[in-house]
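Here is the structure we will look at, set down as structure tokens.
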Amino acid sequence: MASVVDKYFSSADFDAIEAAVKKAESGTAGELAVDLSSHSRHWGTEKLLHALVFTLICMVAALLFTRQVNWGVYYNVTQSILWGAVGFVIAYFGWGRYLTRAERKRKVVWNRALKLFHQITPTRGLTGVLIFVSLEEGQAAIVADKGIASKVPSDYWHQPHALIMKGIKENHHAEGIIQAIEMIAVELATHFPRQSDDINELPDKPRVID
């Protein structure tokens, strides 16, 4: 079965991104890596769990209330089920929007990118850059190592990030990533020119992380 990543990236896209990484690294001591994932969190499961908990709370509250007024067992149970259903709808479709709002998705994807970055073996000069795209969330993150952060201002990364996000919104995911790589390559070449003893420390081909 094809993964979510396969729906957005063809084999030609993978080759094009790999070629862009190779070209970028030909002029810099910096190292680029691209990770692609279908999702960073199981949002449906999380929404359902919250909804079920709230449903249970509503049902118990309804039972306690109707028990006090002594409307009869059948009516009490019916009211409990009704309020449980109302609670589920409110929690799933109301709180669900809160749980999956864009700002929270950005934070989740950023945290996932940090985790993936820390799993990468550090480069010699701490000049690694990870581009991470999480498809279900429609979000991206760029993480740079300490060596790069010491010379490249943090607000610079908004520019290549914007190119990736533009590609995601226009359904040109690979194109957005390649444009970001090309932009980053110029910045890295300025601060971290390629050395004569440079070696390739990170894989050039995009990794699929699921």
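Using the UniProt record's numbering, read the sequence shown as starting at 1 and increasing by one per residue. C-beta: ideal position from N, C-alpha, C; glycine also.
Worksheet item: Quick one: any contact between the segment 143-154 and the segment 117-130, if contact means 3 or more CB pairs under 8 Å?
Response: yes
Worksheet item: Applying the criterion that 16 or more other CB atoms from any shown protein chain within 10 Å of the CB defines a buried residue, is K115 buried or exposed?
Response: The count along the sequence shown starts at 1 and reaches residue 115 at position 115. Burial call: exposed.
Fill in: Rounded separation between P153 and V4 - CA only
The sequence position of residue 153 within the sequence shown is 153, counting from 1. The sequence position of residue 4 within the sequence shown is 4, counting from 1. Cα-Cα distance, rounded: 34 Å.
Fill in: F132 versus I57: straight-line alpha-carbon distance, rounded
Position 132 of the sequence shown, counted from the start, is the residue given in the question as residue 132. Position 57 of the sequence shown, counted from the start, is the residue given in the question as residue 57. Whole-angstrom Cα-Cα distance: 39 Å.
Worksheet item: Closest by CA to P206, which one among I17, V108 and E136?
Response: Numbered from 1 along the sequence shown, position 206 holds the residue referred to as residue 206. It is I17 whose Cα lies nearest to the Cα of P206.
Fill in: Local Cβ density within 10 Å of E103, reported as buried at 16 or more and exposed below that
Walking along the sequence shown from the start, residue 103 turns up at place 103. That one is exposed.
Item to complete: Indicate the three-state DSSP secondary structure (helix, strand or coil) for Q195 in the structure shown.
Response: Residue numbering aside, residue 195 sits at position 195 when the sequence shown is read from its first letter. It is coil, neither helix nor strand.
Discussion item. I'd like to confirm something about T190: is its beta-carbon nearer than 7 Å to some heavy atom of the ligand ZN, or not?
Written reply: Of ligands this structure carries none, so the ligand ZN is not represented either.
Item to complete: Express the C-alpha separation of D155 and M183 in angstroms, rounding to a whole number.
Response: Here residue 183 is taken as the residue at index 183 of the sequence shown, counted from 1. Here residue 155 is taken as the residue at index 155 of the sequence shown, counted from 1. For M183 and D155, the distance between alpha carbons rounds to 14 Å.
Worksheet item: Start and end of the beta strand (DSSP E) containing D35?
Response: Counting from 1 along the sequence shown, the entry for residue 35 is found at position 35. Counting along the chain, the beta strand (DSSP E) containing D35 begins and ends at E31 to S37.
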